[in-house]
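First comes the structure, then the notes that go with it.
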Amino acid sequence: MNSKRVSFWSGPCYFILPALVIYILFMIVPFMGTISLSLTRWDGISFDTIRYIGFQNYREMYTDNVFWLALKNNLFFVVSAVGFQCILGLIVALLLEQKKLFLGNFLRGSYFIPAILSQIIIGLLFETILNPSLGVLDTLLRKIGLEQLTGLGLWLSSSQKALWLLILIEIWYGFGWSMFIFISRLKMIDPQIYEACEIDGANTFQKNIFITIPMLKSVAPVAILFATMWAMKVFTIPYVITKGGPNHGTEVLATWAFSHGISYQHVGYGSAISVILLIFGMVLGILIFKFTGMGQSKA
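Just so we're aligned: 236 in UniProt numbering is position 236 of the sequence shown, and the numbers increase by one with no gaps anywhere.
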């Protein structure tokens, strides 16, 4: 048998070149540039002020209390937002896939709308809702006789309250993606399996526990991975609503990197924080791949 040697540059390989060029220009080149800038001290204005300082920016992180607080908040976002987001997405997907659900298609689209909106719009929307003087929330509380819950800066005056509010907003914003992933898998389940279970006397709860949920194990890691990556790089909503406050209580790595790189003109230190954020995201992604079995061939 004669083996035919195929060149990489022949045939369909040309079709991946545009995507490869775009990926290199907009992902690899900026990534390498960020690593290079993280080893410098620069004000971001004049190239004449760039000074190579080695790993000094990374050493400064050890004594930066706000950096460690931002890292803790990032991990808190991952644990809280990802857990609730995936669970809520699963529950809503199961409810929407009921055969006799009224307006099922309308509800699917409605729940997914927040996921396709701009995060800037989401942030401005909730900033208006939580406004202590003109916000819809305080106005509604006054109308129903709960004036004691209103007040100047009540919702965002405490770091803990503000952080939990941001997490709830992120859950509301992103659970539509988890729902969409689970629904796409539910559509692939053979209806005859459920019919056989009904003949054996299984109710809806039993079908979900013993049939549906086990069949969703193949896509659950995908939902977890997507939610984790979104939670790690969270930026827009916290920045628009709280800008990292009060007292850095809602600071995350992305907002702290932005503050140094743009507001404080410490581009090198901001780039170093971005590199650390990328490393943590990669580590979490690898752990998810390892412990969920993603990418492993099924025997």
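Note that beta-carbon positions come from the ideal geometry of N, C-alpha and C, so glycine has one too.
Exposure label - Tyr23; buried when at least 16 CB within 10 Å = Per the 10 Å Cβ criterion, exposed.
query = Apart from the five residues on each side of it in sequence, which residues of its chain come closer than 8 Å, Cβ to Cβ, to Leu216?
reply = The residues are Leu90, Phe182, Arg185 and Leu186.
message = Taking contact to mean 3 or more Cβ pairs, one atom from each stretch, closer than 8 Å, check whether the segment 35-49 and the segment 259-273 are in contact.
response = Yes, the segment 35-49 touches the segment 259-273.
7 Å Cβ shell around Ala115 - same chain, five flanking residues per side excluded = So the qualifying residues of the chain are Tyr173, Gly174, Gly176 and Trp177.
request  = May I have the straight-line CA-CA distance separating Met27 from Leu20, to the nearest angstrom?
outcome  = Here the C-alpha atom of Met27 lies approximately 10 Å from the C-alpha atom of Leu20.
ask   = Considering only residues of the same chain and omitting the five flanking positions on each side of Ala70, which have a CB-CB separation below 6 Å?
value = In the same chain as Ala70, and ignoring 5 residues on each side of it, the C-beta atoms closer than 6 Å to its own belong to Glu251, Val252, Leu253 and Trp256, in chain order.
ask   = Beta carbon of Leu165, beta carbon of Met232: below 8 Å?
value = For the pair Leu165 and Met232, the CB atoms are not nearer than the 8 Å cut-off.
task = Starting from the Cα of Thr128, find the closest Cα among Ile211, Ser110, Gln85 and Trp155 and give me that residue.
result = A check of alpha carbon separations from Thr128 across Ile211, Ser110, Gln85 and Trp155 identifies Trp155 as the nearest.
ask   = Can you find a CB in chain B that lies within less than 8 Å of the CB of Phe67?
value = No chain B is part of this structure, which consists of one protein chain only.
For residue 335, the residue or residues it bridges with in DSSP = The shown model of the chain, from 1 to 299, leaves out residue 335, and the question about it has no answer.
For His248, three-class secondary structure by DSSP = Assignment of His248 by DSSP, reduced to helix, strand and coil, places it in the coil class.
key: Contact the segment 198-216 vs the segment 226-240: 3+ CB pairs below 8 Å   = No, the segment 198-216 does not touch the segment 226-240.
query = Along the chain, where does the alpha helix (DSSP H) that runs through Val78 open and close?
reply = Element bounds for Val78: Asn65 to Leu96.
Extent of the continuous alpha helix (DSSP H) run through Gln265 = Taken as a continuous stretch (DSSP letters only), Gln265 belongs to no alpha helix (DSSP H), as it is neither H nor E.
task = Check Pro132 in the structure and name its three-state DSSP category.
result = Here Pro132 sits in coil by DSSP.
query = Under 8 Å, do Leu168 and Asn73 count as touching if we go by C-beta distance?
reply = No, these two residues do not count as a Cβ contact at 8 Å.
inquiry  = Once the 5 residues before and after Val78 are set aside, which same chain residues still bring their CB inside 8 Å of it?
reply    = Non-local beta-carbon contacts of Val78 in its own chain, meaning distances under 8 Å to residues more than five positions away in sequence, involve Thr228, Ala231, Met232 and Leu284 in chain order.
key: Cβ-based neighbour list, Ala81, same chain, cut-off 6 Å, excluding 5 preceding and 5 following   = For Ala81, where only same-chain residues beyond five positions count, the Cβ hits under 6 Å are Ile167, Glu170, Ile171 and Ala231.
query = Helix, strand or coil: how does DSSP classify Lys207 here?
reply = Shown here, Lys207 sits in a helix according to DSSP, grouped into three states.
DSSP state of Met232 mapped onto helix, strand, coil = Looking at Met232 - three-state DSSP - the assignment turns out to be helix.
message = Rounded to the nearest angstrom, what separates Tyr58 and Pro191 at their Cα positions?
response = Rounded to whole angstroms, Tyr58 and Pro191 show a C-alpha spacing of 56 Å.
ask   = Using the rule of at least 16 other Cβ atoms within 10 Å of the residue's Cβ for burial, across every protein chain shown, is Ile286 buried or exposed?
value = Only exposed fits Ile286, as fewer than 16 other CB atoms lie within 10 angstroms of its CB.
ask   = Terminal residues of the continuous alpha helix (DSSP H) containing Gly176?
value = Element bounds for Gly176: Ser159 to Leu186.
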